[in-house]
Structures are given as structure tokens and as C-alpha cells.
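Mapping of the sequence shown onto my numbering: position 47 corresponds to residue 436, and the numbering continues sequentially without gaps. Where is the CB? At the ideal position from N, CA and C, for every residue including glycine. Presented below is the structure to which this report refers.
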Amino acid sequence: MIASITWAVMNIGQTVLGSASVRRWIQIEDQQDESMLINVMSRLFTIAVLLVATAALMVTFGVPSGAIATMLGGAGIGLSFATQQISQNFLSGFMLFFNRPFREGDWINANSLEGTVESIGWYYTRIRTFDRRPLYIPNSVFATNPIENPGEMYNRRIRANISLRYEDLGKINGITKEVRNHLQQHPDIDQSQTILVNFNEWDASSINMMIYCFTKTTVWKDWLDIQQSIFLDIAGIVQQSGADFAFDCMTLYQSPGTDSKT
């Protein structure tokens, strides 16, 4: 009877796992990943049914329940240690499919592993690095490390310190106001975000003006073009005010009472 029930349960389970309803439930477009997941689920189901059937047979033959529990516990511990990395990767794959911290085509950075996602599998994820090399990352990496996904940004930030000469100290207040006004009217700068332009640092050979704002676009190429345009506009404002940019230098002053010809 136990053998018959076991055989029937295994066949019913295999039929259910191969049904269209299960395929719709797991929602995987890649046929290879779908087949692999169903195969893994089928094997796990078979192992579970066989373990239960073995325990039922042992009870039928009079084996004490304590010994059965000990045996099953030891088998479970041994199996978990043997398949620790595999199970961790597969469970992390479930996390990626259901939580969706990133999608195919996203640019991600996890544990200094950076590139564009090409495919998300149940065991590993393939990304294409910026030097066009394929990189296969075990899914467990994403379960234990922070994931940066720049594609989910709302804005990109422009932040820079611009160094002016100390002799331009009297002009820096007007320069900061004009640059701030320029950014507040710029069509590519998000006016709902913070815009800061301030004289913020006394450096060794310069006075520094901080620029802090956010672009509307998150596309890297467009952001670079906008940043370049703004930097050139700031350069024009600085030069029109009669100021100039500083560079590292050393100024020597003549000691009082010293002959200039010495």
C-alpha cells in the first residue's frame, strides 16, 4: 500500500509540475531557465516523497520513531551542508525573480562587479562588463552584498569645486549669485531638487566655489553633455566678471628692508 501511494503521489506531482498552470505561475520567459527550474523542483519533490515513504516503511516494520527522526535529521543536515552553495544560489535566484532589484539591460554594480545585465538565471547572472567581457556572477553574491542600480535613479548629480584666485575674493559673491541664477533657469536642471552655489573653502592657493545640482536626465551620455555645457557657462561667467581660475603656485614676497637688487 505504501509503495502504491508513493508511486501515485510521485506521478501526480510530476504531472502538476509539468502543467501549464505551474509554468504560468513561475513566469519565466527563457525556456532553458524554465526547464531547469521545473527539473530542480521535480527532483526535490521526488526526494521528499521518497524520504516520507522510507519513514513510513520503517514505522511499519517497527523501527522506533525516535530513530527515524534522528536518521531523517542527520540526512537533512548532511544534505544541507553538501548543497549549501547550490541551495544558496538557487534561493537567491528566487529572490532576484520575485523582488526584481534589477532587470535585463540594467547597469548594476555589486561588490565591485560592474556591467550591464544580459540574463538572470536561477544559479548565476550574466553581465557584460564595460570592456565587453562576459562575467558570470553566482546569485548568492546579490544576497550578501548591496546592489547599486543606476538605472533606477531619478536624477544625476553635478557636484564640483571650482577654484578661484585669492585676488578675486571681492568678486566671488557676485559670481556665486550669477552662477546660481544661471542654474535656476537652466532647462536641463531639475528645479525641484537642491541647487547650491556657495563659496565654501579657503584652500592653500585658492578660494573654492561649490556647485551642487541635479539634471533631469539619468542617461550618462546626456548627463556628460549637460555637465560640460554648464561648466563652460560657468567659465564664461567667471571670465566676464574679471576673475580667473587658480592653480597651485607659490608667491615670494621681498623681506622688508632688503635691497631689491640683492
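Pick from Asn587, Thr583, Ala549, Val530 that is closest to Ile561, judged by C-alpha positions: Minimum Cα distance to Ile561 is reached at Asn587.
As assigned by DSSP and simplified to three states, the class of Ala635: In the structure shown, Ala635 sits in coil (DSSP, three-state: anything other than H, G, I, E or B).
Unbroken beta strand (DSSP E) run spanning Phe603, endpoints: Note, Phe603: beta strand (DSSP E), 596–604.
Ile526 beta carbon less than 8 angstroms from that of Tyr512: No, the pair does not count as a contact, with Cβ atoms beyond the cut-off.
Proximity test, Cβ basis, 8 angstroms: Val608 and chain D: Annotation note: the requested chain D is absent from the structure, which comprises a single protein chain.
C-beta atoms of Arg545 and Trp612 nearer than 8 angstroms: Yes, the pair counts as a contact, with Cβ atoms nearer than the cut-off.
At least three beta-carbon pairs within less than 8 angstroms, the stretch 489–500 to the stretch 524–543: These segments touch.
N-terminal and C-terminal residue of the beta strand (DSSP E) that Ala339 is part of: Absent from the structure is residue 339, since the part of the chain shown begins at 390 and ends at 651.
Strand pairing of Ala499, partner residues [DSSP]: According to DSSP, residue pairing for Ala499 in a beta bridge involves Leu502, Ile536.
Per DSSP, cross-strand counterpart(s) of Asn587: In DSSP, Asn587 forms a bridge with Met599.
Check whether Leu406 and Phe434 have beta carbons under 8 angstroms apart: Going by C-beta atoms, Leu406 is nearer than 8 angstroms to Phe434.
Residue nearest to Gln617 in terms of C-alpha spacing, selected from Ala392, Asp577, Ser508: Of Ala392, Asp577, Ser508, the residue nearest in Cα terms is Asp577.
Whole-Å CB distance - Val448 paired with Ala499, under 8 angstroms assumed: Wrong, their Cβ atoms sit about 48 angstroms apart, outside the cutoff.
Per-residue DSSP class, three states only, for Ser630: Secondary structure at Ser630: coil, using DSSP grouped into helix, strand and coil.
Trp496 Cβ short of 7 angstroms to the ligand NAD heavy atom set: Summarising the ligand content, the structure contains no ligands, and the ligand NAD is consequently not present.
Bridge partner(s) assigned by DSSP for Gln523: The amino acid at residue 523 is misidentified as Gln; the sequence shows Pro. According to DSSP, which records beta bridges pairwise, Pro523 is partnered with Arg517.
Rounded distance between the beta-carbons of Phe634 and Leu553, thought under 8 angstroms: Contact annotation, Leu553 with Phe634: C-beta distance approximately 6 angstroms; criterion of less than 8 angstroms satisfied.
Proximity of Ile615 and Val568 at Cβ, strictly below 8 angstroms: Taking C-beta atoms as the reference points, Ile615 and Val568 fail to come closer than 8 angstroms.
Length of the line joining the Cα atoms of Gly631 and Asn589: A direct Cα-to-Cα measurement between Gly631 and Asn589 gives close to 20 angstroms.
C-alpha gap between Asn528 and Asp495, whole angstroms: C-alpha separation (whole angstroms): 16 angstroms.
Rounded separation between Arg522 and Gly482 - CA only: The straight-line gap from Cα to Cα measures roughly 22 angstroms.
Proximal residues to Asp622 (C-beta, below 7 angstroms), its chain only, five neighbours per side dropped: Within the same chain, Asp622 has close Cβ partners His571.
Which of helix, strand or coil DSSP assigns to Ser644: Three-state result, Ser644: coil.
Per-residue burial, Val506 [other beta carbons within 10 Å of its own, 16 or more giving buried]: Flag for Val506 reads buried.
Residues of its chain near Met542, where Cβ-Cβ distance is below 6 angstroms and the 5 sequence neighbours each way are ignored: Once the five neighbours on either side are set aside, the close Cβ partners of Met542 are Thr607.
Nearest-angstrom Cα separation, counted from Gly402 out to Arg517: About 38 angstroms.
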